[in-house]
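Trainee:
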Amino acid sequence: MSRNRTRQAKRRGNRAGIWFFTAALRLTGLRGAYGLLYIVCIYYLLFDRTAVRAARAYIMRRFSDRSPATRQIVIYRLFIEQGKNLIDRHAMLTGAYPFKLKIQGMENIPSEPGKGFILLTSHLGNWQIVMQALQKMNRTVHLLMRPEDNAAVRDAMQVDAESSRIKVISSEQYLGGVVEMMQALERGDVVSIMGDRVYQADGVMVEFLRDPAVFPYSAFHLAASSGCPLVILLSAKTGADSYTVDLPKVFHPVWTQKMVKKEQLQIWVQQYVRVLESYLDKHPLQYFIFHDVWEEARRRMQKESV
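In this note's numbering, the protein residues as written are 10 to 315.
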């Protein structure tokens, strides 16, 4: 991603925007703040070409049967849904607005004493509601993040606060934070890794929504190397005041000498992508990836064909 695109991406969800909607939340309530989104999101639809282009990469595949004009409307609705999730996040922090939380699959959480596990997340739903679900496990959770990733959201979630059990491991540390993640797992903590965007990390080619895409494999590599299980976590806003958190599948990756490691990683990542696709069938407008994960696959195939 170019520096210009990175700067544009940072502006979405910045401190000024969060302050504006936090003030609107106090003055007009939840419904009033939602109403402002319909105006603000028109601006993004008309003028934020980077966001529209990134959203279109997903929308045109998930809604391949729709016309180009209809898909523009779907992009607008996607922006609104993301805005609602952001507003809800701050409403939850104030404690003034009760939200119903349904957790499905808690029985899949590994319960072996003193043994950590990896949580594989995606750009789905609301992180604040996910944190509430994780608190029920009574474990320290370490989020693998880039230092520059949306500092405003980090502040709002009180990540790394002294009293918080949510900590951050920087992906820009030595070996991408692998040492710190291994230490956390050995202590019996949880390590949370986003599984659907490579950033600067390496990835494998898989099929996502019928087209080749590149997904990172670091979470599965860490799981196989550490001997710790990997749990998929997905979340979605399911109503005006309700959310669901799903823990649909647990992986126990084990290296085998019969296959090259990269091939094993590709199989595991493809299985995760199939779970993600199934969830998107139910909650298509809760996916806030805003990145063309298929573009990297096209570039790789072009290089291979030369």
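The beta-carbon is built from N, C-alpha and C at its ideal position, and this holds for glycine as well.
Contact between the region 66-73 and the region 287-304 is defined here as three or more beta-carbon pairs at a separation below 8 Å; is this criterion met?
Mentor: yes
Trainee: Rounded to a whole number of angstroms, what is the C-alpha to C-alpha distance between Gly236 and Asp57?
Mentor: Indexing the sequence shown from 1 puts residue 236 at position 227. Indexing the sequence shown from 1 puts residue 57 at position 48. Distance between the alpha carbons of Gly236 and Asp57: 44 Å.
Trainee: Based on the DSSP output, what are the partners of Gly134 in its beta bridges?
Mentor: Position 125 of the sequence shown, counted from the start, is the residue given in the question as residue 134. Per DSSP, none; premise fails for Gly134.
Trainee: Quick check on Asp9: does DSSP put it in helix, strand or coil?
Mentor: Given that the chain is displayed from residue 10 to residue 315, the structure contains no residue 9 and the question cannot be resolved.
Trainee: Would you identify the three-state DSSP class for Gly186, choosing helix, strand or coil?
Mentor: As a working mapping, residue 186 is identified with position 177 in the sequence shown. Three-state result, Gly186: helix.
Trainee: Taking Cβ positions, are Val223 and Val150 nearer each other than 8 Å?
Mentor: Here residue 223 refers to the residue found at position 214 of the sequence shown. Here residue 150 refers to the residue found at position 141 of the sequence shown. Taking 8 Å as the Cβ cut-off, Val223 and Val150 do not qualify as a contacting pair.
Trainee: Identify whether Ile241 lies in helix, strand or coil by the three-state DSSP scheme.
Mentor: Stepping through the sequence shown from its first residue, residue 241 is reached at position 232. Here Ile241 sits in strand by DSSP.
Trainee: Quick one: give me the first and last residue of the alpha helix (DSSP H) that Thr79 is part of.
Mentor: Against the sequence shown, residue 79 aligns to sequence position 70. Note, Thr79: alpha helix (DSSP H), Pro77 to Thr103.
Trainee: So for Tyr53, helix, strand or coil by DSSP?
Mentor: As a position in the sequence shown, residue 53 is number 44, starting the count at 1. Of the three classes helix, strand and coil, the one that applies to Tyr53 here is helix, per DSSP.
Trainee: For Val162, which three-state DSSP category applies?
Mentor: As a working mapping, residue 162 is identified with position 153 in the sequence shown. The predicted model places Val162 with a pLDDT of 46, which falls under 50 and marks its position as unreliable, so this point remains unresolved.
Trainee: Comparing C-alpha positions only, which one of Val213, Leu294 and Glu304 sits nearest to Leu133?
Mentor: As a first step, residue 133 must be located in the sequence shown, where it is residue number 124. Selection Val213, Leu294 and Glu304 evaluated against Leu133 yields Leu294 as nearest (Cα-Cα).
Trainee: Would you identify the three-state DSSP class for Val150, choosing helix, strand or coil?
Mentor: Along the sequence shown, one-based indexing puts residue 150 at 141. In the structure shown, the three-state DSSP call for Val150 is strand.
Trainee: Check Phe30 in the structure and name its three-state DSSP category.
Mentor: The residue labelled residue 30 in the question sits at position 21 within the sequence shown. Here DSSP, grouped into helix, strand and coil, assigns Phe30 to helix.
Trainee: Give me the DSSP bridge partner(s) of Ala222.
Mentor: Here residue 222 refers to the residue found at position 213 when the sequence shown is read from its first residue. Under DSSP, the beta-bridge partners assigned to Ala222 are Val215.
Trainee: Under the three-state reduction of DSSP, which class applies to Gly248: helix, strand or coil?
Mentor: Here residue 248 refers to the residue found at position 239 when the sequence shown is read from its first residue. In the displayed model, Gly248 falls within a strand according to three-state DSSP.
Trainee: Taking the alpha carbon of Thr265 as the point to measure from, which residue in Glu189, Ile276, Val259 and Ile96 has its own alpha carbon closest?
Mentor: Stepping through the sequence shown from its first residue, residue 265 is reached at position 256. Nearest of Glu189, Ile276, Val259 and Ile96 to Thr265, Cα basis: Ile276.
Trainee: Any idea what DSSP makes of Ser180, helix, strand or coil?
Mentor: Taking the sequence shown and counting its residues from 1, one reaches residue 180 at position 171. It is coil, neither helix nor strand.
Trainee: In the DSSP assignment, find the unbroken beta strand (DSSP E) run with Val282 in it and report its ends.
Mentor: Residue numbering aside, residue 282 sits at position 273 when the sequence shown is read from its first letter. Not the beta strand (DSSP E): Val282 falls in the alpha helix (DSSP H), residues Lys270 to Lys291.
Trainee: For Pro122, count neighbouring Cβ atoms within 10 angstroms of its own Cβ and tell me buried if that reaches 16, exposed if not.
Mentor: Residue 122 sits at position 113 when you count from the first residue of the sequence shown. Counting Cβ neighbours within 10 Å, Pro122 comes out exposed, since fewer than 16 surround it.
Trainee: Using the rule of at least 16 other Cβ atoms within 10 Å of the residue's Cβ for burial, across every protein chain shown, is Ala60 buried or exposed?
Mentor: Indexing the sequence shown from 1 puts residue 60 at position 51. Of the residues assessed, Ala60 falls on the buried side of the cut-off, its CB having 16 or more other CB atoms within 10 angstroms.
Trainee: List the whole-angstrom C-beta distance separating Val269 from Val240, where the pair is believed to meet the contact cut-off of C-beta under 8 Å.
Mentor: For this step, residue 269 is matched to residue 260 along the sequence shown. For this step, residue 240 is matched to residue 231 along the sequence shown. About 26 Å; that fails the 8 Å criterion.
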